[in-house]
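Undergrad: Take the sequence shown: its position 337, counting from 1, is numbered 337 in UniProt numbering, and each next residue is one higher.
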Amino acid sequence: MRDESAQRAANEDAPRVPDLGKRVMALFAPHKGVISLTIGLVLLEAAIAVIPPLLIQRVFDEALFPPEGVANLQLLWILVLTMVGLWIVANALSVWQTWLTARVGNTVMGALRTKLFDRLQGMELAFFTRTRTGVIQSRLQNDVGGVAGVLSNTISSIVGNVVTVIASLVTMLILSWQLTIVSVILLPLIVLMQRRVGQVRARIATKTQESLSEMSAITQESLSVSGILLAKAFGRQDDELRRYGAENDEQIRLQVRLTMSGQTFFAVVSVFISILPSMVYLISGYLIAGGDGLVTAGTIVAFTTVQARLLMPLMGLLRVALDLQTSSALFARIFEYLDLQPAIEPPARPVPLDESRLGEVEFDDVVFRYPDAKDEERSTLDGVSFRLEPGTFAAFVGPSGAGKTTIGYLLPRLYEATDGSVRFAGADVRELAPSSLSDHIGIVSQEPYLFHASIADNLRYAKPDATDDELEAAARAASIHETIAGFPDGYGTIVGERGYRLSGGEKQRLAIARVLLKDPEVLILDEATSALDTVSERVVQQALDTAARGRTTLAIAHRLSTIRHADVIHVVDGGSIVERGTHDELIARGGTYASLFAQQARD
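#1: Closest to VAL269 by CA distance: which of SER284, ILE480 and VAL197 is it?
#2: At what residues does the alpha helix (DSSP H) containing HIS583 begin and finish?
#3: Consult DSSP for PHE451 and reduce its assignment to one of helix, strand or coil.
#4: So what's ALA598 in DSSP terms, helix, strand or just coil?
#5: Count the C-beta pairs between the stretch 35-45 and the stretch 90-103 that are closer than 8 Å, then say yes if the count reaches three, no if not.
#6: Please report the straight-line C-alpha distance between GLY391 and PRO488, rounded to a whole angstrom.
#7: List the DSSP bridge partners of HIS570.
#8: Nearest by alpha-carbon distance to LEU502: which of GLY359, VAL397, ALA111 and ILE455 is it?
#9: Can you list, in chain order, the residues of its chain with a C-beta nearer than 6 Å to that of TYR593? Leave out the 5 residues immediately preceding and following it.
#10: Label ASN161 either buried or exposed according to how many other C-beta atoms from any shown protein chain fall within 10 Å of its C-beta, with 16 as the threshold for buried.
#11: So the candidates are GLN209, GLU210 and ASP238; which of them puts its Cα closest to the Cα of SER222?
#12: Give the straight-line distance between the Cα atoms of ALA598 and ASP584, rounded to the nearest whole angstrom.
#13: For the stretch 34-109, list the alpha helix (DSSP H) runs that are entirely contained and at least 4 residues long, ordered along the chain.
#14: Return the residue from the list ILE524, LEU324, VAL80 and ALA474 that minimises the CA-CA distance to ARG509.
#15: For the putative contact between ILE258 and THR208, defined by C-beta atoms under 8 Å, what is the C-beta separation to the nearest angstrom?
#16: Where does ILE283 fall in DSSP's three states?
#17: Rounded to whole angstroms, what is the Cα-Cα separation between TYR491 and GLU470?
#18: State the start and end residues of the unbroken alpha helix (DSSP H) segment that holds LEU523.
#19: Whole angstroms is fine: what's the gap from TYR415's alpha carbon to GLY33's?
#20: Spatial neighbours of ALA433 within its chain, please: CB distance less than 6 Å, with the 5 preceding and 5 following residues excluded, ordered by chain position.
#21: Grab the span of the alpha helix (DSSP H) containing GLU240 for me, first residue to last.
#22: Measuring alpha carbon to alpha carbon, tell me which residue in PHE128, SER328 and ALA543 is nearest HIS481.
#23: Helix, strand or coil for PHE424, going by three-state DSSP, please let me know.
#24: Taking the C-alpha atoms as reference points, what is the distance between VAL42 and MET312?
#25: Helix, strand or coil: which one does DSSP assign to GLY403?
#26: Under a three-way DSSP split, which group does SER445 fall into?
#27: For ILE300, which three-state DSSP category applies?
#28: Which same chain residues, not among the five before or five after residue 605, have their C-beta less than 7 Å away from its C-beta?
#29: Using only CA atoms, which one of LEU318, ILE181, GLU506 and GLY581 lies nearest to ILE190?
#30: Are the CB atoms of LEU212 and ASN142 within a distance shorter than 7 Å?
#31: Since THR552 is in the beta strand (DSSP E), which residue starts that stretch and which ends it?
#32: Give a yes or no on contact between the stretch 55-64 and the stretch 131-145, applying the rule of three or more CB pairs nearer than 8 Å.
#33: Quick check on GLY110 - is its C-beta less than 7 Å from some C-beta in chain B?
#34: Could you check whether the stretch 332-352 touches the stretch 401-409, counting it as contact only if at least three pairs of C-beta atoms, one from each stretch, sit closer than 8 Å?
#35: For GLY496, which residues in the same chain have their Cβ closer than 7 Å to its Cβ, ignoring the five residues on either side in sequence?
#36: Under 7 Å Cβ to Cβ from LEU79, same chain only, skipping five residues before and after it: list those, please.
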C-alpha cells in the first residue's frame, strides 16, 4: 500500500534534477518586465532607507548637541520632516513592490501547476495504473503549494536585503571602520552554519512531502465512495483509522523536526545580533577614552541604527537561503514529474485521416508486452491479426487474462503495440493525430465513470455544445430517457460521486447515451454487461444493440449469450486468436468456444 516507502527508506536526499537553479529561474522569464520594475523599486527603497541613519547623526551632532551648545531647532525640523517623508516614500514603495511580487509569484505558481497537470494528462494509461491517485494529487497540491512563498517573495527579498546589507555596510564603514569590523567578524561562521542547517532541512522536507503524498493517497482511497463501502462491508473502519493515524503521527513528527531544525541556528544568530550593540558601546568607550575624536555620540547612535538595518536584512537573507535549500527538495519533486516522458507520443507529422475508410480496423501480427512486466519474455498479445470492414460487429471472447481488453485498448492507442501494426481507416494508429482516434472511437467499459455533476453535464462531456433535444435523443436511444424523466430534477439530477446515486444498469445506459451523443464510427464495448443482473443486462443489451447498429463494433464479452449474433467471433487464449467464425460455425467446430459456451450453459 505504501508505494513510496521504498524510496523513503533508500533515499535521504531529494530527487536529483540537473540544473535545478536555472530551471527555477526560467519560470520567471515571461515576467522580466515586471521583475525589472520590482527590482528597481526595491533598489530605490533600499537606497532611501539608508539615508535616515546619516540624518540621525546630524540630528545629534548638529541639531540637538551642536558644538556651540544651543539646539538648532530650525535644522532639527528640517531633518525630522525629511526623515518622515523618506519613511513614507519607502513604505509606499514597499507596498507597491509587494503587490508586484505577489502577482508574479502566484502567476508563476499557477503556470507551474497547469504545466504539471498538462504533463500528467499526456502520460499513457499505464502510468496511472501503477501510480496511486493520491500521490499524483499531492504533487499538484502539496508540492506546488509548498513553494508558493518562495516563488512570491524570494526575488524581492534577495534583492532588497542584499542591497540593504551592502548599503548598510558602506554607511557603517563611513561612520567607523573599527566598529564595522566588530560587527561582521563572525558572519562567515554564521554562513557556514546556515548551509549545514539548510542541507538537513532539505532532507526533512523531502520526507515530509512523501508523508503528505501517503496521507493524500490514504484519504483518496479510504474516503471515496468505493473505499467507504469496502471498509463498511468488511468492518475495517478501525483499521483504516489506524493506518491514517500512523501516517498522521509520522507527519506530525516530521513537521516538528522541520520546524525545529533551524531554531537553534537562529537562536545563536539572534543572540549574536542582541549582543552586538553592547559590543559597539564597549569598543566605542575605548575609542572615546583614547581621545582621538574618532567616535562621537552622534556616530554611536547612527552606527547602532545602521547596524540594526544591516542585521535584520542579513537575518532575512539567511532565512531566504534556508527556505531555498528547503524548497529545492519540493522543486526537485515537481521537476521529476515534469521530466516524465510519455511512453506514447503523438506523431510529429500526423498523416491525414482517410474519411472514406472510417470504421475500417486491422491488426497485423500485433505483439504487446507491458513495459513493467516481470517476465519480459511473456507477451500479453502474441501475433494477433484480424481485419474488420466498416459496420462489422466483432466479438472477442476467452478466459480472464487472455488479452481481450488489451486488444480493445490498442486501437484508440491507450496502449502501444510492442510489435506489429494496428491500423484505423487504413493508417497505422502511431501515425495518426490523437484527435483522429478519439473523435471517431467510443468506449463503453464495464465500470463507466460519471462525474459528481448533473446527468446533462455528464452527457455533454461527449459533446459540450449538445442541445437539450440531442441529449434526449441519445437518452432515448440508450433506453434511459424515461428513467431520467422520472427523477424530480430530470436531466438536472446530480448523480453523485462515480454515479453512485444510480443503479448499475442506469449508469451503464447513461454511459451508452454519452457515447451515442458522440456518434463515433467505431464502438468498443469492454464487458459492458458482465457486472449486471439478468434484468438490467437485458435492458442494457438492447441499448448496446442500438448503439452498435451501423458502426464497427469490438465487443469484449464474458457472457457469450450477449454476442451470439456477432458477425464474427474471435476466441482469444494465451494472447493469441485461436478460433474465429460465427456462433454457429464455432459451435459446430467443437473447439474452445464450444467448450466455453457449454460451460456457461450449465452454469
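All C-beta atoms in this analysis are idealised placements derived from N, C-alpha and C, irrespective of residue type, glycine included.
Small disclaimer: the values here were computed from a predicted structure and weren't measured.
TA: According to the structure data:
#1: When the alpha-carbon of VAL269 is set against those of SER284, ILE480 and VAL197, the nearest one is in VAL197.
#2: 583-589
#3: DSSP places PHE451 in coil when its eight states are reduced to three.
#4: helix
#5: yes
#6: 39 Å
#7: PHE396 and ARG580
#8: ILE455
#9: VAL571, GLU579 and LEU586
#10: buried
#11: ASP238
#12: 13 Å
#13: Listed in chain order, the complete alpha helix (DSSP H) runs (minimum 4 residues) inside the stretch 34-109 are 51-58.
#14: ALA474
#15: Position check: residue 258 holds Leu in this sequence, whereas Ile was assumed. Yes, LEU258 and THR208 are in contact; Cβ-Cβ is about 6 Å, under 8 Å.
#16: helix
#17: 12 Å
#18: Judged by DSSP secondary structure, LEU523 falls outside any alpha helix (DSSP H) and instead within the beta strand (DSSP E) spanning 522-526.
#19: 44 Å
#20: PRO350
#21: 237-260
#22: ALA543
#23: strand
#24: Answer to the nearest angstrom: the Cα atoms are 16 Å apart.
#25: coil
#26: coil
#27: helix
#28: It is not possible to answer for residue 605, since the shown part of the chain is limited to 1 through 603.
#29: With distances taken between Cα atoms, ILE190 lies closest to LEU318.
#30: yes
#31: 552-556
#32: no
#33: Among the protein chains of the structure shown there is no chain B, as only one such chain exists.
#34: no
#35: Correct list, in chain order: HIS452.
#36: LEU55, ARG58, VAL59 and ALA63
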